[in-house]
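Q: Residue numbers (the working numbering): 2 to 570.
Yeah, the Cβ is synthetic: ideal placement off N, Cα and C, and Gly gets one too.
Spelled out as structure tokens, the structure:
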């Protein structure tokens, strides 16, 4: 028996004095223009909140109202309703109750949708519950993974090509969009975008093919038994990237663009020969998402204001440091976006160019033809720039040219792979740069990391053990009694307890004592001078601040601080 309202929704809301007759008439008039349902129109006009409306409907229909963030949903049950129908009807299968299937809908009064869902779960009956639409949509993204499609296409590809030699011939000649290998790759990309992955790793191993995704900085693994198809995947990716398909002995780098679920994705491809074939790593850059501004990086106001002050200097070098994947490039592009004015000539030297920026002259390094950082930098200094951005300080020559450019009236931005701000200045000297040049040119160093945010849907209070408490107290007694949090895992965060990331930063501005220590190349004196600066706050301290606020976990703080033994004690 389908639950039915005793009268039309609008009349019912007026009858129960939830909305007025005038508000109903206004909504009905707007509905004629938009064609949207009455409930959605009332919510859009701010007459009633979605949760209030759904609770009312649930009460009238005598069905339960559920919070999906607190529900444990079986992915196998979800797939009883194919994704295309689930999204069309905003219906999510939650649980198999034996003779019936519990299904959540955002519009339980939509009898037409219920009638079309019923045959999909027959012979079982439908037990209806009500949930918020956005929660249902979020559940779709996390529960309707492409793993089943990937496995299906992988099996189909294995059947089509039984021998490795056939893979190569067919992959080269196959240009149609319905080729199985193309469908397989499309499913892999769709799954990665759906899960907010930043990288995809395809790794052939003995007997299995690993497909791993880096989500919020952590790798998540899926495996396929069809290891032989890796040759077809690699070949297709090489064709898409414009790489040499006949070269399997040497690493290669390339890139291509692909549109996935409305997102314009720039894919950077790196191949490498391994024991059981070729490994491929793909970095996914969502060009349609746009660049983050410095305000959007999560930089605290006190750090942001100092960073902006440093960027306003007419000359000098500013370094952004941290390991791979710590968000250095995002910060640099955010800085360039603020500096990008018609009165400024900006040139960047990158390997590779990740985002295209208007008005900025961006140069792609190509070492194969001798177009390396150092040679490009020499030319850029003759191009009358105001601001230079060097992708990375990789060698002595690049460092020296960059420092001399900073000394001769240019603002130079660059990155360095170091653990913290204090060690970065001395690293330039260790790379062979004259100490006087580093002292004269270096103005500020921003070190950063990305820590995972505790999922706000499943966050719980967490009591540190004795060792963790000792570590926290070693940093500062200020955190004694702080209420830390940890995610227990839910559908929203794919059972990880974390969703999204936030940056932690330490900004070191050069002062006279530090510059004197640099001129003498005295590591200990420089470290002492830096730590004596009352305005300097270490990475671990900022991360611990976030943990004390419940933004991140102590587990993430320890991960950030593991390279800072002087703080761990």
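1) Does the beta-carbon distance from residue 342 to residue 353 come in below 8 Å?
2) Output yes or no for whether 8 Å exceeds the beta carbon distance between residue 530 and residue 436.
3) So, is residue 185 buried or exposed, given that buried needs 16 or more other C-beta atoms within 10 angstroms?
4) Cα separation between residue 48 and residue 20?
5) Report buried or exposed for residue 113, applying the criterion of at least 16 other Cβ atoms within 10 angstroms of its Cβ.
6) Tell me whether the beta-carbon of residue 345 lies closer than 8 Å to the beta-carbon of residue 388.
7) Report the option in 69, 283, 206, 431 whose CA atom is closest to the CA atom of residue 277.
8) Provide the residue(s) that pair with residue 302 in DSSP beta bridges, ordered along the chain.
9) Kindly indicate which three-state DSSP category residue 362 falls into: helix, strand or coil?
10) How about residue 230 and residue 210: are their beta carbons less than 8 Å apart?
11) Tell me the rounded alpha-carbon separation between residue 519 and residue 374.
12) With 16 other CB atoms within 10 Å as the buried threshold, where does residue 188 fall?
13) Taking the alpha helix (DSSP H) that residue 148 falls in, what are its first and last residues?
14) Name the two residues that bound the continuous alpha helix (DSSP H) containing residue 437.
15) Would you mind giving the Cβ-Cβ distance between residue 456 and residue 425, rounded to the nearest angstrom? I have them listed as a contact below 8 Å.
16) Of all the alpha helix (DSSP H) runs that stay within the bounds of the region 72-148, which reach a length of 4 or more residues?
17) Rounded to a whole number of angstroms, what is the C-alpha to C-alpha distance between residue 433 and residue 74?
18) From this set, 279, 263, 253, which residue's C-alpha is nearest residue 269's C-alpha?
19) Secondary structure at residue 229, three-state DSSP: helix, strand or coil?
20) Our contact map puts residue 200 next to residue 312 with C-beta atoms below 8 Å; I'd like the distance itself, whole angstroms only.
21) Would you say the region 454-470 touches the region 531-546, given that touching needs at least three Cβ pairs under 8 Å?
22) Among 480, 408, 355, 122, which one has its Cα closest to the Cα of residue 96?
23) DSSP state of residue 67, grouped into three classes?
24) Starting from the C-beta of residue 386, find all residues in its chain whose C-beta is less than 7 Å away, skip the five residues before and the five after it, and write them out in chain order.
25) With the cut-off set at 8 Å, would you say residue 146 and residue 192 are in Cβ contact?
26) Please return the same chain residues whose Cβ sits closer than 7 Å to the Cβ of residue 139, not counting the five positions on each side in sequence.
27) Which ranges would you report for the alpha helix (DSSP H) in the region 191-255 if only whole runs of at least 4 residues count?
28) Is the Cβ-Cβ distance between residue 142 and residue 195 less than 8 Å?
29) Would DSSP call residue 492 helix, strand or coil?
30) Excluding the 5 residues preceding and the 5 following residue 314 in the sequence, name in chain order all residues of the same chain whose CB lies nearer than 8 Å to its CB.
31) Which two residues bound the contiguous alpha helix (DSSP H) that contains residue 59?
32) Beta-carbon separation of residue 524 and residue 419 under 8 Å?
33) The alpha helix (DSSP H) that contains residue 475, what's its start and end?
34) Can you check whether the CB of residue 453 is closer than 8 Å to the CB of residue 351?
35) Could you please give me the residues that DSSP links to residue 322 through a beta bridge?
36) Quick check on DSSP: helix, strand or coil for residue 173?
A: In terms of the structure at hand:
1) If you number the chain shown from 1, residue 342 lands on position 341. If you number the chain shown from 1, residue 353 lands on position 352. Contact: no.
2) As a first step, residue 530 is located in the chain shown; it is residue number 529 there, counting from the start. As a first step, residue 436 is located in the chain shown; it is residue number 435 there, counting from the start. Not a contact, by the Cβ cut-off of 8 Å.
3) Locating residue 185 in the chain shown gives position 184, counting from the first residue. Buried: at least 16 other Cβ atoms inside 10 Å.
4) Counting from one through the chain shown, the residue named residue 48 turns up at place 47. Counting from one through the chain shown, the residue named residue 20 turns up at place 19. If you take the alpha carbons of residue 48 and residue 20, they lie about 7 Å apart.
5) For the purposes of this step, residue 113 is taken as residue 112 along the chain shown, with counting starting at 1. By the neighbour-count rule (16 or more Cβ atoms within 10 Å), residue 113 is not buried but exposed.
6) Within the chain shown, residue 345 is the residue found at index 344, counting from 1. Within the chain shown, residue 388 is the residue found at index 387, counting from 1. Yes; because the gap between Cβ atoms is below 8 Å, this pair is in contact.
7) As a position in the chain shown, residue 277 is number 276, starting the count at 1. For residue 277, the nearest C-alpha among the options comes from 206.
8) Reading the chain shown from its first residue, position 301 is the one you call residue 302. Paired residues: none, contrary to the question.
9) Taking the chain shown and counting its residues from 1, one reaches residue 362 at position 361. The answer is strand: DSSP assigns residue 362 an E or B state.
10) The sequence position of residue 230 within the chain shown is 229, counting from 1. The sequence position of residue 210 within the chain shown is 209, counting from 1. It is a contact, given that the beta carbons lie within the stated cut-off.
11) Position 518 of the chain shown, counted from the first residue, corresponds to residue 519. Position 373 of the chain shown, counted from the first residue, corresponds to residue 374. Going by the C-alpha atoms only, they are around 25 Å apart.
12) As a working note, residue 188 is residue 187 in the chain shown. Buried is the call here.
13) Within the chain shown, residue 148 is the residue found at index 147, counting from 1. From DSSP, the alpha helix (DSSP H) with residue 148 extends over 148-161.
14) Here residue 437 is taken as the residue at index 436 of the chain shown, counted from 1. Residue 437 -> alpha helix (DSSP H) spans 436-442.
15) As a working note, residue 456 is residue 455 in the chain shown. As a working note, residue 425 is residue 424 in the chain shown. About 33 Å; that fails the 8 Å criterion.
16) 76-79, 84-90, 112-122, 134-144
17) Here residue 433 corresponds to residue number 432 of the chain shown, with the count starting at 1. Here residue 74 corresponds to residue number 73 of the chain shown, with the count starting at 1. So the two alpha carbons sit approximately 58 Å from each other.
18) Within the chain shown, the letter at position 268 stands for residue 269. Taking the Cα of residue 269 as reference, the smallest distance to any Cα among 279, 263, 253 is reached at 253.
19) Residue 229 sits at position 228 when you count from the first residue of the chain shown. Three-state DSSP puts residue 229 in a helix.
20) On the chain shown, residue 200 is found 199 positions in, with the first residue counted as 1. On the chain shown, residue 312 is found 311 positions in, with the first residue counted as 1. That belief does not hold up - the Cβ atoms of residue 200 and residue 312 are roughly 30 Å apart, past 8 Å.
21) Taking a cut-off of 8 Å on C-beta distances, the region 454-470 does not touch the region 531-546, as fewer than three cross pairs fall below it.
22) Counted from its first residue, the chain shown places residue 96 at position 95. For residue 96, the nearest C-alpha among the options comes from 122.
23) In the chain shown, counting from the first residue as 1, residue 67 sits at position 66. Per DSSP, reduced to three states, the secondary structure at residue 67 is coil, with no helix or strand assignment.
24) The residue you call residue 386 lines up with position 385 of the chain shown. Closer than 7 Å at Cβ, skipping near neighbours: 346, 347, 348, 411.
25) Along the chain shown, one-based indexing puts residue 146 at 145. Along the chain shown, one-based indexing puts residue 192 at 191. A distance below 8 Å separates the beta carbons of residue 146 and residue 192.
26) Taking the first residue of the chain shown as 1, we reach residue 139 at position 138. Within the same chain, residue 139 has close Cβ partners 493.
27) Along the length of the region 191-255, whole alpha helix (DSSP H) runs at least 4 residues long occupy 231-242, reported in chain order.
28) Looking up residue 142 in the chain shown gives position 141. Looking up residue 195 in the chain shown gives position 194. Yes; because the gap between Cβ atoms is below 8 Å, this pair is in contact.
29) To locate residue 492, count along the chain shown from 1; it is residue 491. Reduced to three states, the DSSP call for residue 492 is coil.
30) Stepping through the chain shown from its first residue, residue 314 is reached at position 313. Excluding positions up to five away in sequence, the list reads 412, 444.
31) Translated into the one-based positions of the chain shown, residue 59 becomes position 58. Residues 51-62.
32) If you number the chain shown from 1, residue 524 lands on position 523. If you number the chain shown from 1, residue 419 lands on position 418. The answer is no: Cβ separation not under 8 Å.
33) Locating residue 475 in the chain shown gives position 474, where the first residue counts as 1. Counting along the chain, the alpha helix (DSSP H) containing residue 475 begins and ends at 467-476.
34) Within the chain shown, the letter at position 350 stands for residue 351. Within the chain shown, the letter at position 452 stands for residue 453. No; because the gap between Cβ atoms is not below 8 Å, this pair is not in contact.
35) In the chain shown, counting from the first residue as 1, residue 322 sits at position 321. The partner list for residue 322 (beta bridge, DSSP) reads 417, 448.
36) Position 172 of the chain shown holds residue 173. Because residue 173 sits at a pLDDT of 42, beneath the cut-off of 50, its placement in the model cannot be relied upon, and the point is left open.
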